[in-house]
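The opening residue of the sequence shown carries number 893 in the working numbering; numbering runs sequentially from there.
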Amino acid sequence: MKERNHLQDIQATHDVHVIKNGLVDIPMLQLLDAQGNLLSQELDLWDEQTALRIFKSMHYIRILDERMVSAQRQGRISFYLACTGEEASVIASTAALSNADMVMTQYREQGVLAYRGYRTEQFMNQLLSNALDPNKGRQMPIHYGDKALNFMTVSSPLGTQIPQAAGYAYGQKMAGEPALTICYFGEGAASEGDFHAGLNMA
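Shown next as structure tokens:
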């Protein structure tokens, strides 16, 4: 029996544009062919500096994650969750934001901080829960937070950031702020009641 290639059934495009009408099938954005060649030479999503910054942030987070997972397994830090495989989605979505936009995450979005300029020593201070950590060691490792970078402190319970993000965004709207709030969460958080409450509010 011949195995079916499901990718052949997917509608793809290399044209980037805003879809303004209601419910339509949104094609998958495909930039490369099967051999890795650009499908369109005219495609220019980002300027070279932004693309390089995205790549450097992705590379940095992959290295940080590998080192910290190793440190956690050696008992040097008590807890760590990597964002391996999610770097592009997290960092590229951050690149689309302004620094005035609020970010609320779960535990695997340290790429947001890397892209916004969080330094290695800041990561280490938080992961080691030392006196230089703004939270003074009162948070578990990888529960980052940085007011200056508009990065809300990570909370341990799954899904709590979802209604918080909806409320924060509503506050921005009421205040007339020209900013938005982005919220990251995984499939576990989508099974929590906070997911449905947050979507209803949004």
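All C-beta atoms in this analysis are idealised placements derived from N, C-alpha and C, irrespective of residue type, glycine included. Just so you know, these numbers come straight off a predicted model, no measurement behind them.
- A988 sits in coil when the DSSP states are folded into three classes, being neither helix nor strand.
- The C-alpha of G1080 lies about 21 Å from the C-alpha of A980.
- For the region 933 to 958, not one full-length beta strand (DSSP E) segment reaches 3 residues or more.
- Excluding sequence positions up to five before and after A963, its CB lies within less than 6 Å of the CB of I969, all in the same chain and listed in chain order.
- Counted as a single uninterrupted DSSP element, the alpha helix (DSSP H) harbouring T1012 occupies residues 1012 to 1019.
- A residue is called buried when at least 16 other Cβ atoms come within 10 angstroms of its Cβ; M1093 does not meet this threshold and is exposed.
- Residue environment for R1011: exposed (fewer than 16 other C-beta atoms within 10 angstroms of its C-beta).
- R965 is classed as exposed because its beta carbon has fewer than 16 other beta carbons within 10 Å across all chains shown.
- Excluding sequence positions up to five before and after A1089, its CB lies within less than 7 Å of the CB of P1055, all in the same chain and listed in chain order.
- Counting other Cβ atoms within 10 Å of its Cβ, E1069 stays below 16 and is therefore classed as exposed.
- In this model, Q933 and D907 are separated by some 11 Å (Cα to Cα).
- Here F947 is exposed: its Cβ has fewer than 16 other Cβ atoms, across all protein chains shown, within 10 Å.
- According to DSSP, residue pairing for F1043 in a beta bridge involves V995, D1038.
- Counting every other CB atom within 10 Å of its CB across the protein chains shown gives I955 a total below 16, marking it as exposed.
- With contacts defined by Cβ atoms closer than 9 Å, N1027 and D993 do not form a contacting pair.
- In the structure shown, A1094 falls within a coil segment according to DSSP collapsed to helix, strand and coil.
- The continuous alpha helix (DSSP H) containing I1054 extends over residues 1053 to 1067.
- With a cutoff of 9 Å on beta-carbon distance, L1005 and Q998 are scored as not near each other.
- Nearest in C-alpha terms to P919, of all of K912, Q1018, I902, is I902.
- Under the three-state reduction of DSSP output, M920 falls in the strand class.
- In the three-state scheme derived from DSSP, where H, G and I count as helix and E and B as strand, A904 is classed as strand.
- Remark: C-beta atoms of S990 and A1071 approach each other more closely than 9 Å.
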